[in-house]
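Residue numbers (the numbering used here), protein chains in the order written: chain A, 24 to 795; chain B, 286 to 441.
Encoded structure:
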């Protein structure tokens, strides 16, 4: 069930064209990372730390090396300082001296088959001297807490970061006179919220294969979202010349942010260099869940002042994000929390302090809308509380405080393309809010409905495109972009190219995600692929059209600006003269060396007020989008069980290039948000993950998720192709708050910690009875 | 581990192999027969990505001993299309947007195939029951349900 609230468009844009990789995927022919096999390939496995924190006393690989079929074993001690991460170079690719999380790589083995490699890993003896384990980011941030990285000051770090001991980054956002605004406030609300670590859980985990050719070039094929970033990472980590490295993305079985940084690839390269053979590493599900980069947990302290008319005045918040043992993207994504905690509302004053903090857990990283879901669960849960306690309808209260065009965002950006009120209205209509709800399905069950809103960004970063006209009039589009599964590349970019070149989608072939063969792209991240690459393609097509028109104009006895191309032919706009087939133009083009259009794009930076922020790596949202979600639940008052009975999303996509796949992103994102709200959690006890498997790490199944009603709202952006905004990430942000607010509506208890399990609801109901 | 003879038909083709008795069907398909369409994601029968049909019944091939399939007819995603013609389920998965990354798709298709072979006109709750063992992390489930309905003729 989905709808587009839109203006009709001419041509291929706005049509649900079918993705190019669909047939390969439904017939089992599509090659993922796990399917890549090279002749003579070795299989590698990682020896990981058995304890969450300690000094490494001894790593003995002699028994592993003696095992028949083992071709190489590498430990940290024999390597130079090979350090990873883009914000802070705090992570050695193989530990030496100490380990800081359970599962940290200590050694790596390459062997003839995976079973021998696994056996060799078991034969590596490691002795530790345990150190105290830090689990709570707020405690780890306090002065005097034991340091997880005693040598933190010696690390190279991005100069924007404000670091101190276990604090990777302290971002401050301060706008207006906070004290004065609280003094004016008629009501002040104060709450604390906790969110959990959750995992991307892409069904294909991290997998890569590296080989070295006779010229010494390193070839890496990886299930990766950002081939150009990976190439830079490998060069930086292993001190290799960039030009010696060639990265291609294999087909991806999901990513959701987990595959943006180097992970297993540098180890593959080292082993391939050592053995002279291709080496593959494929992580197990246990390794994925316990030792790759999930979404940070967070604790949020939140205080909000409101005037007597129900206008929000001031919000003061402190967020402690749990970064785990090493930095990855945490210092940047924790900063994003300062833009998300205020939500899309008008404020007189704001003071948000956000910390990312080291603990002895696996490195957390980027997961769909990084930094957003934690802050929005807190911010929107409290907005709901305020609305209810002041006697407002929750939608009306949000509408009353909603930002509009020309208002200032949290760090002073001037907002454009604002559509929050429109999404509120659409969600209200589609959920038939506030009419009486259906009767509960059985006795002992109460029904409730909750709303939550958010805004989100369209990440910038460069993309480039090359379009080649073949002799038969067909087209080859070359982009560095990676098809992560959304359809952005296999449908969206093909569609834009075909539309701009006036040919059928079937006439466009696409080459992508290869650092030797395709131009630069900043990666499948930040809801950016179609937006940035789309603009690059529009520019490349313009370039190619100009070349085509210059060749054709003399024969048609006109100027180039009197020509147009559609249906595979060049025409005079006035309808006179003959239609010149593109194949004919292409053959003419051979006489001048062939026809090749080039284009590149990076969205211009959004201005903001630098005096409002410190330690901020992402102070403004480019081409922001706006969102309203409504959740409908049943709560069993005997068991505390929450059942989602209905779900509505009104998402502003700017322009729905391909409505089917845009709605697919919304449904998929909301489904992950529902898992975050109700069941998912990487459970740690003293640094050990208790549930590193799909039996105990609960993902939403087809039984847990009702039909999601998607409305695509179109409020055009200025910078996006055809007015588009980023689509992929934002639907994951609001579900937790919408569902928590629905639970309150049903049974009158506020659950302030995720996930909202039956146990927590029941406990809240019981303690209310005791108090009552 | 003792080696044993295994006879089976996969997508109509007869095979005879010698395998360790503890080898799982998934490994036989992927490594011995090089049929890579069937995927592994959890390795413990929780996610359904490795679903294949053994004598028409949907099984998790990652925890199904290959020898249990001795003498059986095995059908994998590679065997769905006949003579280059996509099965209606395959066509519907593409058309309804039920494929994003596609990693769960082979398993989804085979579970759905088992359902439609037994019940050509399932209602939504029967579809949900048949696919409850198949996790999808990308699409949510609406498009998949729509696709199964469309392939069944959508009469329910």
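Ideal Cβ placement from N, Cα and C applies to all residues, glycine included. All values reported here derive from a predicted model rather than from experimental measurement.
Quiz item: How long is the line joining the alpha carbons of residue 435(B) and residue 750(A), rounded to whole angstroms?
Solution: Reading the second chain from its first residue, position 150 is the one you call residue 435(B). Reading the first chain from its first residue, position 727 is the one you call residue 750(A). One C-alpha to the other measures close to 27 Å.
Quiz item: In angstroms, rounded to a whole number, what distance separates the CA positions of residue 394(A) and residue 70(A)?
Solution: Locating residue 394(A) in the first chain gives position 371, where the first residue counts as 1. Locating residue 70(A) in the first chain gives position 47, where the first residue counts as 1. C-alpha of residue 394(A) to C-alpha of residue 70(A): approximately 31 Å in a straight line.
Exercise. Check whether the Cβ atoms of residue 92(A) and residue 134(A) lie closer than 7 Å to each other.
Key: Counting from one through the first chain, the residue named residue 92(A) turns up at place 69. Counting from one through the first chain, the residue named residue 134(A) turns up at place 111. Result yes, Cβ atoms of residue 92(A) and residue 134(A) sit closer than 7 Å.
Quiz item: In its own chain, which residues sit with a C-beta less than 6 Å from the C-beta of residue 407(A), not counting the 5 before and 5 after it?
Solution: If you number the first chain from 1, residue 407(A) lands on position 384. The beta carbon of residue 407(A) sits closer than 6 Å to those of 417, 764, all from its chain and outside the five residues before and after it, given in chain order.
Quiz item: For residue 498(A) versus residue 530(A), is the C-beta distance shorter than 7 Å?
Solution: Within the first chain, residue 498(A) is the residue found at index 475, counting from 1. Within the first chain, residue 530(A) is the residue found at index 507, counting from 1. Yes, they are a contact pair.
Quiz prompt | residue 579(A) - partner residues in DSSP beta bridges | solution = In the first chain, counting from the first residue as 1, residue 579(A) sits at position 556. Its beta-bridge partners do not exist; DSSP assigns none.
Quiz prompt | Proximal residues, the stretch 419-439 of chain B versus chain A, C-beta separation under 9 Å | solution = 419, 420, 421, 422, 423, 424, 425, 426, 427, 428, 429, 430
Quiz prompt | Coil, strand or helix - residue 492(A) by DSSP | solution = Walking along the first chain from the start, residue 492(A) turns up at place 469. Strand, per DSSP.
Quiz item: Considering only C-alpha positions, which residue in the set 772(A), 777(A), 782(A) is nearest to residue 794(A)?
Solution: Here residue 794(A) corresponds to residue number 771 of the first chain, with the count starting at 1. Cα-wise, what sits closest to residue 794(A) is 772(A).
Quiz item: How close, in whole Å, do the beta carbons of residue 391(B) and residue 51(A) come, if the pair is a contact with beta carbons under 8 Å?
Solution: Along the second chain, one-based indexing puts residue 391(B) at 106. Along the first chain, one-based indexing puts residue 51(A) at 28. Contact annotation, residue 391(B) with residue 51(A): C-beta distance approximately 5 Å; criterion of less than 8 Å satisfied.
Quiz item: Do residue 379(A) and residue 349(A) have their C-beta atoms closer together than 7 Å?
Solution: As a position in the first chain, residue 379(A) is number 356, starting the count at 1. As a position in the first chain, residue 349(A) is number 326, starting the count at 1. No, they are not a contact pair.
Quiz item: Quick one: is residue 101(A) buried, meaning 16 or more other Cβ sit within 10 Å of its Cβ, or exposed?
Solution: Position 78 of the first chain, counting from 1, holds the residue named residue 101(A). Exposed: under 16 other Cβ atoms inside 10 Å.
Self-check item: Amino acids of chain A, ordered along the chain, whose beta-carbon sits closer than 8 Å to that of residue 309(B)
Solution: Residue numbering aside, residue 309(B) sits at position 24 when the second chain is read from its first letter. Within 8 Å Cβ-Cβ: nothing; residue 309(B) doesn't reach chain A, min ~13 Å.
Quiz prompt | Nearest neighbour of residue 630(A), chosen from 154(A), 96(A), 435(A) [CA to CA] | solution = As a first step, residue 630(A) is located in the first chain; it is residue number 607 there, counting from the start. Closest by alpha carbon: 435(A).
Quiz item: Is there at least one Cβ from chain B nearer than 7 Å to residue 20(A)'s Cβ?
Solution: Limits of chain A in this structure are 24 at one end and 795 at the other, which puts residue 20(A) out of reach.
Quiz item: Which residues bound the alpha helix (DSSP H) around residue 207(A)?
Solution: By 1-based counting over the first chain, the position of residue 207(A) is 184. Where residue 207(A) is concerned, the enclosing alpha helix (DSSP H) stretches over 201-207.
Exercise. Could you tell me if residue 340(A) is buried or exposed, where buried requires 16 or more neighbouring beta carbons within 10 angstroms of its beta carbon?
Key: Here residue 340(A) corresponds to residue number 317 of the first chain, with the count starting at 1. It is buried - the Cβ of residue 340(A) has at least 16 other Cβ atoms within 10 Å.
Quiz item: residue 221(A) by DSSP, collapsed to three states: which one?
Solution: What you label residue 221(A) is simply residue 198 of the first chain in a count that begins at 1. Residue state for residue 221(A) is assigned as strand, using DSSP reduced to three classes.
Quiz item: What is the DSSP secondary structure of residue 644(A), counted as helix, strand or coil?
Solution: Against the first chain, residue 644(A) aligns to sequence position 621. If DSSP states are grouped into helix, strand and coil, residue 644(A) belongs with coil.
Quiz item: Can you tell which of 301(A), 230(A), 611(A), 592(A) has the C-alpha that lies nearest to the C-alpha of residue 273(A)?
Solution: Against the first chain, residue 273(A) aligns to sequence position 250. With distances taken between Cα atoms, residue 273(A) lies closest to 230(A).
Self-check item: Within chain A, partners of residue 370(B) - CB distance below 9 Å
Solution: As a first step, residue 370(B) is located in the second chain; it is residue number 85 there, counting from the start. Residues of chain A passing the Cβ test: none, with the nearest at roughly 11 Å.
Quiz item: Among all the DSSP beta bridges, which residues are the ones paired with residue 388(A)?
Solution: Taking the first chain and counting its residues from 1, the one referred to as residue 388(A) is at position 365. DSSP lists 318(A) as partners of residue 388(A).
Quiz item: Exposed or buried, what is residue 177(A) when buried is set at 16 or more other beta-carbons lying within 10 Å of its beta-carbon?
Solution: Reading the first chain from its first residue, position 154 is the one you call residue 177(A). Answer is exposed; the Cβ neighbour count stays below 16.
Quiz item: Quick one: does residue 337(B) have its CB under 7 Å from some CB of chain A?
Solution: Working through the second chain from its first residue, we reach residue 337(B) at position 52. So no, residue 337(B) is outside the interface.
Quiz prompt | Whole-angstrom C-beta distance between residue 397(B) and residue 416(B), which should lie under 8 Å | solution = On the second chain, residue 416(B) is found 131 positions in, with the first residue counted as 1. On the second chain, residue 397(B) is found 112 positions in, with the first residue counted as 1. At roughly 7 Å, the Cβ-Cβ gap stays under 8 Å, so residue 416(B) and residue 397(B) are in contact.
Exercise. Please determine, among 422(B), 428(B), 433(B), 437(B), the residue with the shortest C-alpha to C-alpha distance to residue 277(A).
Key: If you number the first chain from 1, residue 277(A) lands on position 254. Nearest C-alpha to residue 277(A): 422(B).
Quiz item: Using Cβ-Cβ distances below 8 Å, what residues of the stretch 495-511 of chain A are close to chain B?
Solution: Within the stretch 495-511 of chain A, the residues whose Cβ lies closer than 8 Å to some Cβ of chain B are 507, 508, 509, 510, listed in chain order.
Exercise. Identify, in the order they occur along the chain, each residue of the same chain with its Cβ nearer than 6 Å to the Cβ of residue 477(A), setting aside the five sequence neighbours on each side.
Key: Numbered from 1 along the first chain, position 454 holds the residue referred to as residue 477(A). Contacts found: 399, 650, 756, 757.
Practice problem: Please report how far the alpha carbon of residue 647(A) lies from the alpha carbon of residue 746(A), in whole angstroms. | Solution: Numbered from its first residue, the first chain carries residue 647(A) at position 624. Numbered from its first residue, the first chain carries residue 746(A) at position 723. Cα-Cα distance, rounded: 12 Å.
Quiz item: CA-CA distance, residue 723(A) and residue 419(B)?
Solution: Along the first chain, one-based indexing puts residue 723(A) at 700. Along the second chain, one-based indexing puts residue 419(B) at 134. C-alpha separation (whole angstroms): 10 Å.
Quiz item: Which value, in whole angstroms, describes the spacing of the CA atoms of residue 29(A) and residue 508(A)?
Solution: For this step, residue 29(A) is matched to residue 6 along the first chain. For this step, residue 508(A) is matched to residue 485 along the first chain. Summary for residue 29(A): the model assigns pLDDT 49, below 50, so the residue's position carries little reliability; its value from the coordinates is reported in the next sentence. If you take the alpha carbons of residue 29(A) and residue 508(A), they lie about 25 Å apart.
Exercise. Reducing DSSP to helix, strand and coil, say where residue 676(A) ends up.
Key: Your numbering for residue 676(A) matches position 653 in the first chain. DSSP places residue 676(A) in the coil class of the three-state scheme, outside both helix and strand.
Quiz item: Looking only at DSSP bridge pairs, what is residue 694(A) linked to?
Solution: In the first chain, counting from the first residue as 1, residue 694(A) sits at position 671. Residue 694(A) pairs with nothing; no bridge assigned.
Quiz prompt | Proximity winner among 727(A), 706(A), 725(A), relative to residue 777(A) (alpha-carbon distances) | solution = Indexing the first chain from 1 puts residue 777(A) at position 754. Of the residues 727(A), 706(A), 725(A), the one whose Cα lies closest to the Cα of residue 777(A) is 706(A).
Exercise. Pick helix, strand or coil for residue 415(B), following the three-state DSSP scheme.
Key: As a position in the second chain, residue 415(B) is number 130, starting the count at 1. The answer is helix: DSSP assigns residue 415(B) an H, G or I state.
Exercise. Can you check DSSP and say which residues form a bridge with residue 380(A)?
Key: Walking along the first chain from the start, residue 380(A) turns up at place 357. Paired residue(s): 190(A), 345(A).
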